[in-house]
Amino acid sequence: MKTALDKKFILNLTESFLSTWALMKASRMEPGNILTIILFLLCIFFYQRINTRLVQTPLCNNKHSSRTASIIAVVFTVFYMAVDYPNYIASLTNPLFRMGILTAVFLGFSILFYRVLLLLFSYTGNIQWVTDVLLDNNKDAVSASAPQDTESNLPSPSSFMHIVSAFYRKRCGLCCFLICLLGWLPYFLYQYPGIMTPDSVNQFEQLLGIIPYSNHHPWMHTLLFKLFYTLGYSLTESMLVGVSCYTFFQMCLLAFSASYFIGTLRYYHIRPGICLALTLFYALIPYHGVFSVTIWKDIPFAAALLLFITAMVRFFDKIRSWDLVVFLLSGMMVCLFRSNGWYGFLLCVPFLLITFRKKAKLVYPILALILITAAIIKYPVMNAFHVTQPDTIESLSIPTQQVAAVICNDRYLTEEQLSLIENVIDLTYIKELYNPTFADNMKELVRAGNQEYLASHKAEFFKLWLQLGLKYPGDYLSAYISQTNGYWYPDSYYLVAEAEGISASSLGVSHTPLLSGPLVVKAKEIAIKLGSMLPLYGTLWSMGVAFWVLIFCVGNTLIRREYQKLILYLPALSLVGTVLIATPVATEFRYVYFLIFSLPFYPIISMLPMTEPRDNQS
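Residue numbers for the sequence shown follow our numbering, so the first one is 12 and each next one is one higher.
So this is what it looks like as structure tokens:
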């Protein structure tokens, strides 16, 4: 017995030492810093507490849970070190020392993440604990009899709160909708008629007929913008009102998406206090307010994705006609409001068919209608209206950056390879233009060259890309990490929602605030910058953290063996995957705003006790 205890203690010391080493390197401490002693002691006590907790929680004390936590821990470690590892060995030149340091840090992070994951799973995977924390035991409506002020015969203050509480319980979704609009109203008044960046202005020029329609910015989104603009303009003959009509519609769409989600949580008896906290996440976090009035395709797309996956949650209980309508419309928007949405949806279809096979009579026709409608619009309809499709280079950002990295690193290319590249671009200024985190420079270089040659020789360029990748894998990997790290590395900060007003144009619309003044400007500036100042709160501004949360929730679902829930995460995973193979920018918040907007969905749903799909109910 004593020997077993000694082994556990030695193992605990070893794990704590390696984790301290990893944390020391990640936080840029020197080995002699007294805080390393504090970290070491904290790790010892923390790991002991976890061991005690796991003994009391059989759910996470088995091979299945350990295997799941181990895999995710290694994935998290790879994600973290892929960007940060050069800082750990910057002062070392000896290859053996460098490898030793990296190995120790890798083990330390893996152990740390593994232990933390097991601790979290011991709570989030425990259905009884989740039930006690999340679910409202008082599922019935609050009694209608409320305290009265006996002297005035009027409801007392406590009676008023009682009525408000009862109304919120009964109309949680409606309250969320109104609270969101109220929270975003100052942004609407300050940014009136809406925020329009160069992308927005380009779409505005299309709907005015100044330039031809293009699907570079989704055509259906441009038409939706045109619909509400035309409605507002026809009633008032004011371009500002026309633009503001679309902006207000977008606000309502986002608010409806959030309210549909919150209403679904109340349907599953999530506590009103938790629903209110999530409502405030949507209403008060500044980037939601800014994006609600920014005319980008990414915003309604984010609303559509949350509606789509929330409708699927409702399908697990019973299918109502209203939920089918939401599923249909949101599915079409996912397919048509971003190019990667179509590919992400196609990837999900086989799994949707399997998951909802017991409800095929209701779900299959809707899926077929989404696919057929989207395909008809994307191909014959767009061709009939002469809608220009994005050019070839638009979807080749990652390969273009990787080949450019090889050239800029002065790697050897054969005369044939060099000639093939020079048929497309002029290499004179490539080193000056190449930016490892921003592909637009290289894309513009291709557009200024001979893009038609690239389009007509795709097989040759694919072979070139493959050959260089096999010969210079380090350059390719480094270029890929630089081009994508903002979406999966959790320690990168990117100023979000700083856009204001309307980009300069001669179209007749300009920023015309209805709420202004130095106090308003300063309040907005502070609200946006707080994400870079406050710990914990700042994680809500990190795309990498949101991605890690998504992966954790997948792991929690596996721990609980609720495999039918995996379909709820697949749309976001597939969409993030499409971003990671085609993103032109390493850190662009709006490209994964769909993930941020749905952020509360994933942990709540991963913990929510749900019934298995039952027979069709309409």
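Glycine included, C-beta positions come from ideal geometry on N, C-alpha and C.
Taking 7 Å as the cut-off, decide whether the C-beta atoms of residue i and residue j are in contact.
{"i": "C191", "j": "A266", "result": "yes"}
{"i": "A93", "j": "L128", "result": "no"}
{"i": "D486", "j": "H280", "result": "no"}
{"i": "L581", "j": "F362", "result": "yes"}
{"i": "F367", "j": "V374", "result": "yes"}
{"i": "T25", "j": "C54", "result": "no"}
{"i": "G136", "j": "N434", "result": "no"}
{"i": "Q413", "j": "A450", "result": "no"}
{"i": "T258", "j": "G205", "result": "yes"}
{"i": "F600", "j": "V507", "result": "yes"}
{"i": "S514", "j": "V212", "result": "yes"}
{"i": "G308", "j": "F260", "result": "What sits at residue 308 in the sequence shown is Lys, not Gly. Against a cut-off of 7 Å, the Cβ pair of F260 and K308 comes out as no contact."}
{"i": "G555", "j": "P501", "result": "yes"}
{"i": "Q202", "j": "F236", "result": "no"}
{"i": "T399", "j": "S225", "result": "yes"}
{"i": "A269", "j": "C186", "result": "no"}
{"i": "Y505", "j": "T589", "result": "no"}
{"i": "A33", "j": "V141", "result": "no"}
Please name the residue or residues paired with residue i in a DSSP beta bridge.
{"i": "L399", "result": "Just to set this straight, residue 399 is Thr in the shown sequence, not Leu. Per DSSP, S225."}
{"i": "I206", "result": "T305"}
{"i": "F608", "result": "Answer is none; F608 lacks a bridge partner."}
{"i": "L146", "result": "I281"}
{"i": "F449", "result": "N446 and V596"}
{"i": "I513", "result": "M207"}
Drop a sphere of 10 angstroms on the beta-carbon of residue i, count the other beta-carbons inside from all chains shown, and report buried for 16 or more, exposed for fewer.
{"i": "N496", "result": "buried"}
{"i": "Y240", "result": "buried"}
{"i": "P410", "result": "buried"}
{"i": "T321", "result": "buried"}
{"i": "H228", "result": "buried"}
{"i": "K18", "result": "exposed"}
{"i": "K369", "result": "exposed"}
{"i": "L364", "result": "exposed"}
{"i": "D421", "result": "exposed"}
{"i": "Q428", "result": "buried"}
{"i": "W195", "result": "buried"}
{"i": "L22", "result": "exposed"}
{"i": "I615", "result": "buried"}
{"i": "G243", "result": "buried"}
{"i": "M110", "result": "exposed"}
{"i": "L65", "result": "buried"}
{"i": "Y498", "result": "buried"}
{"i": "L479", "result": "buried"}
{"i": "F56", "result": "exposed"}
{"i": "G119", "result": "buried"}
{"i": "S27", "result": "buried"}
{"i": "T63", "result": "exposed"}
{"i": "G253", "result": "buried"}
{"i": "K474", "result": "exposed"}
{"i": "Q67", "result": "exposed"}
{"i": "S617", "result": "buried"}
{"i": "K74", "result": "exposed"}
{"i": "K454", "result": "buried"}
{"i": "L29", "result": "buried"}
{"i": "S467", "result": "exposed"}
Residue i and residue j look like a contact to me (Cβ under 8 Å); what is the Cβ gap, rounded to whole Å?
{"i": "F612", "j": "L317", "result": "6 Å"}
{"i": "L525", "j": "P197", "result": "With 8 Å as the limit, L525 and P197 do not qualify as a contact, their Cβ atoms being about 10 Å apart."}
{"i": "A313", "j": "F605", "result": "4 Å"}
{"i": "E463", "j": "L431", "result": "Contact doesn't hold; Cβ gap of about 14 Å is too wide."}
{"i": "H639", "j": "P297", "result": "Look at the range of the chain in this structure, 12 to 629, and you will see that residue 639 is not part of it."}
{"i": "I381", "j": "L339", "result": "6 Å"}
{"i": "A385", "j": "M343", "result": "6 Å"}
{"i": "V304", "j": "M262", "result": "7 Å"}
{"i": "A415", "j": "I388", "result": "Rounded, the Cβ-Cβ distance is 35 Å, inconsistent with contact."}
{"i": "Y179", "j": "P283", "result": "6 Å"}
Mind checking whether the beta-carbon of residue i lies closer than 6 Å to any heavy atom of the ligand ZN?
{"i": "R277", "result": "Summarising the ligand content, the structure contains no ligands, and the ligand ZN is consequently not present."}
Checking contacts by CB at 7 Å: is residue i closer than that to chain C?
{"i": "L192", "result": "Among the chains of the structure shown, chain C does not appear; only one protein chain is present."}
Residue ranges of each alpha helix (DSSP H) within the region 310-375, 4 or longer: 332-347 and 350-366
Unbroken stretches of the alpha helix (DSSP H), 4 residues or longer, contained in the region 92-150: 106-135 and 138-145
Runs of alpha helix (DSSP H) lying entirely within the region 523-548, each at least 4 residues, in chain order: 529-540
Complete runs of the alpha helix (DSSP H) confined to the region 229-293 [at least 4 residues]: 230-247 and 250-278
Start-end ranges of the alpha helix (DSSP H) lying completely within the region 484-508, minimum 4 residues: 484-495
Sequence ranges, alpha helix (DSSP H) only - wholly within the region 36-90, length at least 4: 46-67
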